[in-house]
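Reading through the structure tokens given below for one structure.
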Amino acid sequence: MSVDQKAPRPSRRAMLAGAGLFTLGFHIPFKATAATLDGAPQAPEVNAWVVVKPDETVVIRIARSEMGQGTLTGLAQLVAEELGCDWARVTTEYPSPGQNLARKRVWGDYSTGGSRGVRDSHEYVRKGGAAARMMLVAAAAKGWGVPEAECRVERGVITHGPSGRSTTFGAVSAEAAKIAPPQDVALKDPKDWTIAGKPLKRLDTLPKLDGSQVYGLDLKLPGLLNAAIRDCPVTGGTVKSFDAAAVSAMPGVKRVIPVGDSAVAVVADTFWRAKTALDALAIVWDEGPNAAVSSETIAATLREGLDADQAFVGNKAGDVAGALKGAAKVVEAVYGVPFQNHATMEPMNATALWTPERCEVWTPTQNGEAALAATADAAGLPATSCEVYKIHLGGGFGRRGATHDWVRQAVLIAKEMPGTPVKLIWTREEDMTHGRYHPVTQCRMRAALDADGTLTGLHMRISGQSILAAIAPQRMVEGRDPVTFQGLNPGGPEAAIGYTIPNLLIDHAMRNPHILPGFWRGVNLNPNAIYLECFMDELAHATGQDPLAFRLKLMDKHPKHRAVLQAVAERIGWDSKPPEGVFRGICQTMGFGSYVAGAAEVSVSDQGEVKIHRIVAATDPGHAVNPQQIDAQVAGSFVYGLSAALYGACTVKDGRIEQTNFDSYPVMKMDAMPAVEAILMPSGGFWGGVGEPTIAVAAPAVLNAVFAATGKRVRHLPLRDTDLRRA
Amino acid sequence: MARLTVNGVVREVDAEPDTPLLWVIREQIGLTGTKYGCGIAQCGACTVHIDGAAVRSCSMPLSAVEPGQKIVTIEGLAPGAAHPVQQAWAELDVPQCGFCQPGMIMASAALLAQTPHPSEEQIRQEITNICRCGTYNRVLAGIKLAAERGQSG
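In the order they appear, the protein sequences are chains A and B.
Position 324 of the first sequence, counted from 1, bears residue number 324 in our numbering, the numbering being contiguous throughout.
Position 101 of the second sequence, counted from 1, bears residue number 101 in our numbering, the numbering being contiguous throughout.
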């Protein structure tokens, strides 16, 4: 098993010639003759998803991007399961976005975000594997002159039962490529899976152990030059002037190039020389009106939204105003979360080669098709004259999926140097200050409780930034951003609230600061779970009830939410006394199609230092494709979620982000990493994601435990801004 | 021209003396397994060994490398990625995106060379590399596994 490590640049002609017969609903205009994504000896593709080489190597095509989340292995498992090949002979490759365009999107959607890699494509990739198996069997049966039904497949070997004759996938794949694709393709019952659903090792580990894995940062091309860039520190500002002559004679410098109206790049023989010259370059900015904005002015705008008359409704039931009026007790609290940077370990980068006829880009991207569109737009060429080669990502977390601002920059630079490939690398400082940040919001929670302490009404007013308004306005619904209400929806398979509250209003006063937002791993499920689940904890304490029991009373009609919550309660030992000095918190939510719950054990020293001893997290994703990778995703999600909850905040001063590197934007390291026990409880019948949902339960589980330990309610993140020292 | 010994090979490099060793290794020598993550010695993605000790190469200028010092990068840690740390990493499927892992592996290998049987607390204090995917618990298990193997071997 391996992932092909050859230079990720297939011959375009070979790829076009590799167009397949098999469509599964996608129209394919031409026939298969050969497929050589890697330049190896040619073997015809059986269909778009499967190539079997004469040496029995099985190449499975993966449309979604691997960024550490394991989707490459998981998707290959699904194809291999239906194909019936020998897993030990499986390799993978990315078909390029240009090929997908040329073949009428035969590989479907390339977008890799929203924990959708597996859950949105499981059916058609499995059908791709099953159809390829049927074609291979048909080719063997035809060769023997026997009925296909008398043949069986096991680990890449086709056997004719009655005669005992056998052959291999590799021996018949050329003939199989000529077989008409089947119309009816049946899929296995997941309970019969032998490859999918199993905790198999990742396919992409070995090159990550010896330095041979090529990331975008590592790409080498003949004649390659390197670029460093500085964009205006204030979003919306522009370049007034710069003194190129002062740095043009510095070692290695080739060009100083304005990029759009807001940035300047230096191109040199090496990146270090480009960066050194850029650091020496005097740039005068016109910072524009946003230069007056600060975290304080943004917070004031959001506070105003908490009481604003106009708000978009996300969930409504009964009469909240009436419930609050008639309540025995009203509890109110205001919460807030700051901007967060994705801080992928590999900074943004792209390599571009532009000529008047054609533009090629090599980049780590979560959405090859969107990268191709950005390339064509910046290049001034039709998409059919462009190509994007996807490189493994050094982290994505949503930053590399939606906007491709760094790709546009790279193409604009390359356009100034026709015929010369240029690699643009952002410094960490550029990356920290030009992110697409987790949106800033505040939230007022207002609850009505009856004399028995039962929750009769809840008004949840979110005030703050919309992601869609900034980067995907076409997805807005009558001015409303539905993504704002993740985890709070009245129902549906994606992100439904897990409580029945008779009088409910969840609404959003949209307030959009100039700092650009983006999809940040977990997206709006993260703040929404903090707001709702910490407040549920407040309500339990305010009425003298157990936080678990208080929730369960509201969950009769939400059995899947309830099941994960009960699972973590049982595992953490909610009914038993925790160790001396240790305190517990618990929470649940639903997002990205999966039901999740978390429980934490923490202690807080007299000096206010929080130590997280233990995390328990339960996930019901419906179906589980690779349990050991889900385990890794869940553990990792707590690092991401707790980094933000404990330490992370991007603050604004003079219109710009203040944090520039990991010294001012600290993240969790191993010294603070708790043990994570992941409970995987797939209940079947639906497909949920696993890359993101448990991030959302990280913060509320810990914050509720911190309250149990200290009596202090942390309502504004990060936690490090709250003084937890014992009075 | 400066002279460096990298993975047992003597290299002549043409770079300004203040160029960080990281970029000399990546751009002059062409070994890209050593990563750029922060440039200020915070994240450890650039970790290499100099005479066996873990060093964050992004913050070490070329001029600070002394003649005769032996530099080892992830590519030269062990033939066939057979170092106990690399083997443990493979067994436990430690990497996710993998970008931080060369530095993580080099830091771990240096720790075990110095302290063959570190306590968990020592590991947590000594390995300060940043991983944003969140592989820390498998890194911890990997170091323990490699240490056990070292003992039995």
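Here a beta-carbon is modelled for each residue, glycine too, at the ideal position from N, C-alpha and C.
Note that the structure is a prediction, hence the values are computed from the model and not measured.
query, result
"Residue-chain proximity (Q69(A), chain B), Cβ-Cβ < 8 Å", "yes"
"H613(A) versus V582(A): straight-line alpha-carbon distance, rounded", "8 Å"
"Within-8 Å CB hit, R138(B) to chain A", "yes"
"Reduced DSSP secondary structure (H/G/I, E/B, other) of P95(A)", "coil"
"8 Å Cβ cutoff, P8(A) in contact with chain B", "Below a pLDDT of 50, predicted positions are generally treated as unreliable, and P8(A), at 49, falls in that range; no measurement from the model is reported."
"Whether G591(A) touches C133(B) by CB criterion (8 Å)", "no"
"M154(B), enclosing alpha helix (DSSP H) - first and last residue", "Look at the range of chain B in this structure, 1 to 153, and you will see that residue 154(B) is not part of it."
"Chain-order list of residues whose beta-carbon lies under 7 Å from that of A147(B) (same chain, five-residue window excluded)", "L112, P116, H117 and P118"
"C-beta neighbour in chain A for C133(B), strict 8 Å", "yes"
"Cutoff 6 Å; reference A678(A); Cβ partners in own chain excluding five residues on either side", "A617, D631 and V634"
"Proximal residues of chain B, C-beta to C-beta of L393(A) below 9 Å", "C97 and F99"
"Nearest-angstrom Cα separation, counted from A308(A) out to E430(A)", "36 Å"
"Against chain A: residues of the stretch 114-131 of chain B by CB proximity under 8 Å", "I123, R124, Q125, I127, T128, N129, I130 and C131"
"Chain-ordered neighbours of I105(B) on chain A, where CB pairs are closer than 8 Å", "L209"
"Test: P102(B) CB closer than 8 Å to a CB of chain A", "yes"
"Chain A contact for C46(B) (CB, 8 Å cutoff)", "no"
"Assigned secondary structure, K208(A) (DSSP; H/G/I helix, E/B strand, else coil)", "helix"
"Unbroken alpha helix (DSSP H) run spanning D507(A), endpoints", "Looking at the DSSP string, D507(A) is not in any alpha helix (DSSP H); the run it does join, the beta strand (DSSP E), is N503 to M510."
"Neighbourhood of Q213(A) by C-beta distance below 7 Å, restricted to the same chain and skipping five residues each side", "P207 and H392"
"Residues, ordered as in the chain, of the stretch 324-344 of chain A that lie near chain B by beta-carbon distance below 9 Å", "H342, A343 and T344"
"Per DSSP, cross-strand counterpart(s) of T433(A)", "In the DSSP output, where bridge partners are listed per residue, T433(A) has none listed."
"Which listed residue (L306(A), R303(A), D192(A) and V234(A)) has its alpha carbon closest to that of A292(A)", "V234(A)"
"Residues of its chain near P251(A), where Cβ-Cβ distance is below 6 Å and the 5 sequence neighbours each way are ignored", "R273"
"Limits of the alpha helix (DSSP H) - the one that Y703(A) falls within", "For the record, residue 703(A) in the displayed sequence is Leu; it is not Tyr. Start and end: I695 to T710."
"Cβ pair T441(A), L302(A) closer than 8 Å", "yes"
"9 Å Cβ cut-off: residues of chain A touching A90(B)", "K201, T205, L206 and L209"
"Rounded Cβ spacing between N526(A) and I695(A) (contact assumed at less than 8 Å)", "6 Å"
"Cβ-based contacts, 7 Å cut-off: residues of the stretch 98-130 of chain A near chain B", "none"
"Span of the beta strand (DSSP E) around Q588(A)", "F583 to G591"
"Three or more C-beta pairs below 8 Å linking the stretch 52-62 of chain A and the stretch 87-97 of chain A", "yes"
"Simplified DSSP assignment, three categories, for S166(A)", "strand"
"Interface flag, D93(B) vs chain A, CB-CB below 8 Å", "yes"
"Proximity below 8 Å, CB of T456(A) to CB of A323(A)", "yes"
"Where E601(A) falls, given that 16 or more other Cβ within 10 Å makes a residue buried", "buried"
"Delimiting residues of the beta strand (DSSP E) encompassing T456(A)", "L455 to G464"
"Inside the stretch 296-361 of chain A only - alpha helix (DSSP H) runs reaching at least 4 residues", "320-325"
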